[in-house]
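Asks: The following block contains the structure, expressed as structure tokens.
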Amino acid sequence: MNGTAMTPQTAAQAEEILRDIITQNPRIVLDAPEVMRALLTAHDETLGQNIVDLRSVAMHRLEAQLGRLEETNRSVIAAAYDNLAGTQQIHRALLKIMEPTDFGGFLTMIGAEMVDILRIDYACLILETQTQSPDPNLAPLGPVVKPAPIGFVSHYLSQNLEAKVTLRTVTKPDVFVYPEATGPVGSEACLQLDFGAGTLPGLLVLGAKDAEQFSPAQGTDLLTFFATIFERALRRWLT
1 MNGTAMTPQT AAQAEEILRD IITQNPRIVL DAPEVMRALL TAHDETLGQN IVDLRSVAMH
61 RLEAQLGRLE ETNRSVIAAA YDNLAGTQQI HRALLKIMEP TDFGGFLTMI GAEMVDILRI
121 DYACLILETQ TQSPDPNLAP LGPVVKPAPI GFVSHYLSQN LEAKVTLRTV TKPDVFVYPE
181 ATGPVGSEAC LQLDFGAGTL PGLLVLGAKD AEQFSPAQGT DLLTFFATIF ERALRRWLT
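For the sequence shown, the positions run 1 to 239 when full-length UniProt numbering is used.
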């Protein structure tokens, strides 16, 4: 060394040479603990606008991922609680269906306790009959049961006839199904009833003022199970 001071030009050249050496062989730094400690110590003091703080970026990403996981966890728990509540609701309604000892009591239960348990606003049991005129055996049984001509069920559903349960919004309530509605009907669940070979079908319509209570996007497993048990219970009074 001749003691000559390093000029800006020579300093820049030395920096470039050092950068090339480290780039070509990074283990020179990685294998030197004292160099790594010096770099980490100097990090907070020399951090500039063009230097990315990778630790900070990683932390922010982890926090964002944790937030998404927590939100997903809350959604899953909420869905589980809703599903459990729905299952218990259906079970209570089915137990109530088994209680009546006569057809009149069964129909009264539909318009009273079953409506309350399922938290709906309207219930209508439609039974297709051979004649156009109302069946005299059904007429005295109250407003819940509606004798209807053959083909009414398929006409009312108009589509999705293969499904046991149809969930949909209601824009214009049918006056035959909802003759005594005291308010708007926003949505309904239509449960097709099959009483066996050689018999005409039926339809149980559950109506709600809330337009979002029954939606095509919802699952129908519980209501399908409910419809199956309901039609078997009703079959006792129709045979």
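In this text, a Cβ means the ideal position worked out from N, Cα and C, and glycines have one as well.
Should L206 go down as buried or exposed, given a rule of 16 or more other Cβ atoms within 10 Å for buried?
Replies: Along the sequence shown, one-based indexing puts residue 206 at 206. L206 should be labelled buried.
Asks: The alpha helix (DSSP H) spanning Y156 covers which residue range?
Replies: Along the sequence shown, one-based indexing puts residue 156 at 156. Start and end: 152–157.
Asks: Out of A208, I28, M109, which one is the CA nearest neighbour of A233?
Replies: As a first step, residue 233 must be located in the sequence shown, where it is residue number 233. Looking at the Cα atoms, M109 is the closest of the given residues.
Asks: Grouping DSSP H, G and I as helix and E and B as strand, with all else coil, what is K96?
Replies: The sequence position of residue 96 within the sequence shown is 96, counting from 1. Three-state DSSP puts K96 in a helix.
Asks: Taking just the CA atoms, how far does I17 sit from A11?
Replies: Within the sequence shown, the letter at position 11 stands for residue 11. Within the sequence shown, the letter at position 17 stands for residue 17. Those two C-alpha atoms are separated by around 10 angstroms.
Asks: In terms of residue numbering, what span does the alpha helix (DSSP H) encompassing D228 cover?
Replies: Within the sequence shown, the letter at position 228 stands for residue 228. It should be noted that the sequence gives Thr, not Asp, for residue 228. Looking at the DSSP string, the run of the alpha helix (DSSP H) that includes T228 is 221–238.
Asks: For the putative contact between A211 and G186, defined by C-beta atoms under 8 angstroms, what is the C-beta separation to the nearest angstrom?
Replies: Taking the sequence shown and counting its residues from 1, the one referred to as residue 211 is at position 211. Taking the sequence shown and counting its residues from 1, the one referred to as residue 186 is at position 186. With 8 angstroms as the limit, A211 and G186 qualify as a contact, their Cβ atoms being about 3 angstroms apart.
Asks: Helix, strand or coil for A64 per DSSP?
Replies: For the purposes of this step, residue 64 is identified with residue 64 of the sequence shown, where counting begins at 1. Residue state, collapsed to three classes: helix.
Asks: Sort G219, I21, I97, L200 by Cα distance to T166 and report the nearest one.
Replies: The residue given as residue 166 occupies position 166 in the sequence shown. It is G219 whose Cα lies nearest to the Cα of T166.
Asks: Can you give me the start and stop residues for the beta strand (DSSP E) that I126 sits inside?
Replies: Within the sequence shown, residue 126 is the residue found at index 126, counting from 1. Segment 122–129, the beta strand (DSSP E) holding I126.
Asks: Please check the pair E128 and G202, which I expect to be a contact at CB under 8 angstroms, by giving their CB distance rounded to whole angstroms.
Replies: What you label residue 128 is simply residue 128 of the sequence shown in a count that begins at 1. What you label residue 202 is simply residue 202 of the sequence shown in a count that begins at 1. Indeed, because the Cβ distance is near 7 angstroms, the residues count as touching under 8 angstroms.
Asks: State the CB to CB distance for the pair F106 and W237, rounded to an integer number of angstroms; the pair is presumed to be in contact (CB under 8 angstroms).
Replies: One-based indexing of the sequence shown puts residue 106 at position 106. One-based indexing of the sequence shown puts residue 237 at position 237. Contact flag correct, Cβ pair sits at about 6 angstroms.
Asks: Taking the straight line between their C-alpha atoms, what separation do you get for T72 and D221?
Replies: Indexing the sequence shown from 1 puts residue 72 at position 72. Indexing the sequence shown from 1 puts residue 221 at position 221. Roughly 23 angstroms between the two C-alpha positions.
Asks: Looking at A189 and Y122, is the spacing between their C-beta atoms short of 8 angstroms?
Replies: The residue labelled residue 122 in the question sits at position 122 within the sequence shown. The residue labelled residue 189 in the question sits at position 189 within the sequence shown. In this structure, A189 does not lie closer than 8 angstroms to Y122 by Cβ.
Asks: Buried or exposed, going by whether 16 or more other CB atoms sit within 10 Å of the CB of I130?
Replies: On the sequence shown, position 130 is the one that residue 130 refers to. Going by the sequence as given, residue 130 is Gln instead of Ile. Its Cβ having fewer than 16 others within 10 Å, Q130 is exposed.
Asks: Where L157 and Y81 are concerned, what is the direct C-alpha to C-alpha distance, given to the nearest angstrom?
Replies: The residue given as residue 157 occupies position 157 in the sequence shown. The residue given as residue 81 occupies position 81 in the sequence shown. Their Cα atoms are separated by approximately 31 angstroms.
Asks: Nearest CA to the CA of F214: which residue from Q89, Q192, I120?
Replies: Position 214 of the sequence shown, counted from the first residue, corresponds to residue 214. Among Q89, Q192, I120, the Cα nearest to that of F214 belongs to I120.
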